[in-house]
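J.:
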Amino acid sequence: MAHGVVADRVAERPRGPGEPAIRLRHISKRFDNQSKEAALRDITLDIYDKELLVLLGPSGCGKSTTLNILAGLEEPTSGELYFGDRLMNRVPAEERDVSMVFQSIALYPHMNVLENITFALKLRKVPKEVINERVATITRMLGIDAYLQRRLHELSGGERQRVAIAKALVKRPHLFLLDEPFSSLDADMRRQLRAELVRIHRELETTMLFVTHDQEEAMSVADRIAVMRKGELVQVGTPLEIYNAPVNVWTSRFVGTHPINLFEVELDPSEPRARLVGQGEIRLPMAPALYARLRGLAPAGRLIVGIRPEYVQLTPGSGGDGAWRGEVFTRQVLGTAILYDVRTAGDHIRSVTSTQDRLDLGSPVTIAFPWERALFFDRETEQRFEV
Ligand code: ATP
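So in the working numbering, the last spot in the sequence shown is 387, and the numbers never skip.
1. Drop a sphere of 10 angstroms on the beta-carbon of Glu281, count the other beta-carbons inside from all chains shown, and report buried for 16 or more, exposed for fewer.
2. How big is the Cα-Cα spacing for Lys122 and Ile43?
3. According to the Cβ coordinates, are Ile165 and Val54 closer than 7 Å?
4. Which residues does DSSP list as the beta-bridge partners of Leu55?
5. Is it buried or exposed, Val333, if we count other Cβ atoms within 10 angstroms and call 16 or more buried?
6. Ignore the nearest five residues each way along the sequence and tell me which others in Tyr243's own chain have a CB closer than 6 Å to its CB.
7. With DSSP collapsed to three states, give me the class of Gly158.
8. Where Glu271 and Arg343 are concerned, what is the direct C-alpha to C-alpha distance, given to the nearest angstrom?
9. Hey, how far is the Cα of Arg9 from the Cα of Leu52?
10. Distance, Cα to Cα, Phe329 vs Ile349?
11. On a CA-only basis, which of Leu169, Arg150, Gln215 and Lys171 is nearest Glu180? Give me that one, please.
12. If we ignore side chains and look at the alpha-carbon of each, how far apart do Val6 and Glu205 end up?
13. Is the beta carbon of Leu148 less than 7 Å from the beta carbon of Val113?
14. Can you tell me which of the three DSSP states Phe263 falls into?
15. With C-beta atoms as the reference, is Arg199 less than 7 Å away from Val170?
16. How is Thr206 classed by DSSP in three states: helix, strand or coil?
17. Determine the direct distance from the alpha carbon of Lys230 to that of Ala146, and round the result to whole angstroms.
18. Would you say the beta carbon of Thr65 comes nearer than 6 Å to a heavy atom of the ligand ATP?
19. Kindly indicate which three-state DSSP category Val390 falls into: helix, strand or coil?
20. Quick one: is Asp321 buried, meaning 16 or more other Cβ sit within 10 Å of its Cβ, or exposed?
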């Protein structure tokens with residue numbers, strides 16, 4: 001039956017993958033009572049047909065406002081919203097063919113699971129056979145097909161959230177919006193539902209926009225991530241693009257389970273070496289080509305270096321002359337790896353290494369990293385240099 005659903009959806013929406021299904025153009029939103037900065041500033045974003053796009057950003061950055069504008073629950077102050085070629089700015093919510101799942105579940109407590117899921121379809125007078133087929137498919141996918149006759153108070157939080165998702169999916173919306181849908185669930189249930197959501201998205205080939213402030217959640221479900229900060233779009237890209245090539249220091253800090261190491265370096269004026277600012281007189285050699293390139297990018301010679309903890313190598317002992325030394329400050333076993341926090345002369349450096357290289361607390365270590373894994377940022381603007 002799942003194949004039937006897929007075929008049905010392709011027939012309904014002839015757009016090919018890779019084509020923007022939804023376009024936001026210079027969308028801004030200022031609420032009447034907002035005196036300071038606007039909730040959204042000049043958001044231009046394409047949402048591709050059938051993709052799962054995640055809006056990621058800290059609390060208050062404008063994620064929900066963006067969703068509400070897509071759903072027709074808020075109007076932009078300026079800018080245009082298109083579904084396909086159709087301008088949607090003044091189209092009422094009920095005509096948008098959009099379904100939304102919120103963190104707080106919108107279910108009817110006096111109805112059983114089946115009645116909740118089918119309520120909207122019955123209102124729309126969808127034929128009974130179609131309803132039955134869709135309910136069977138979606139509830140099986142979500143693993144709630146055995147609970148159809150249950151009342152809501154007879155379900156766990158995770159099961160109720162699945163019912164809410166089924167209720168939204170069964171409408172076969174053109175666009176499916178999820179606003180922090182799993183945030184009230186425990187970590188295990190969240191992980192499980194995320195994985196299921198990704199699978200359902202593949203099977204149903206629906207365009208989905210998922211909002212979260214949790215970068216790990218974004219990384220695990222997204223085809224692409226749109227990073228937002230203070231009402232602005234900071235970067236759009238695949239999870240790996242954003243992880244490996246963040247546009248600026250802020251984004252490099254915001255993504256990644258273990259915080260990136262950031263420190264300032266000063267390029268030696270005559271030799272291919274970099275002095276670690278605030279770390280004593282340590283000068284790390286670098287390849288002449290990289291040195292020349294960085295000199296060109298930062299004529300004053302100072303830049304911010306970012307290196308993810310998984311690329312930092314720790315070796316027991318104090319090393320030879322000029323080694324970058326530290327002392328194991330904390331150690332956290334992560335299962336297959338250990339996260340070390342190493343105290344250096346001027347800072348702390350984090351390293352994630354395999355559990356085989358066990359280092360004792362307080363023991364001396366030398367720190368190294370491959371320059372080719374480093375990110376380089378402008379010291380003034382904090383924008384990343386393309387090296
Ligand atoms: P969270 O993750 O906490 O839900 P968010 O990223 O979804 O945050 P929004 O809810 O979109 O952020 O809010 C963006 C900004 O707009 C915030 O500064 C918020 O205080 C403000 N805002 C949201 N709704 C209104 C409103 N109805 N009236 C006035 N200001 C609002």
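All C-beta atoms, glycine included, are put in the ideal place defined by N, C-alpha and C.
Keep in mind the model is a prediction, meaning the values are calculated, not measured.
T.: With the given structure in hand:
1. exposed
2. 37 Å
3. It is not a contact, given that the beta carbons lie outside the stated cut-off.
4. Secondary-structure assignment with DSSP links Leu55 through a beta bridge to Val211 and Ala226.
5. exposed
6. Val255
7. helix
8. 28 Å
9. Residue confidence for Arg9 is low, a pLDDT of 34 falling below 50, so the modelled location carries little weight; the figure read from the coordinates is stated next. Their Cα atoms are separated by approximately 16 Å.
10. 10 Å
11. Gln215
12. With a pLDDT of 33 at Val6, under the threshold of 50, the predicted position of this residue should be treated as unreliable, though the coordinate-derived value follows. Their Cα atoms are separated by approximately 7 Å.
13. yes
14. strand
15. no
16. coil
17. 44 Å
18. yes
19. Because the chain is modelled from 1 through 387, residue 390 falls outside the range shown and cannot be assessed.
20. exposed
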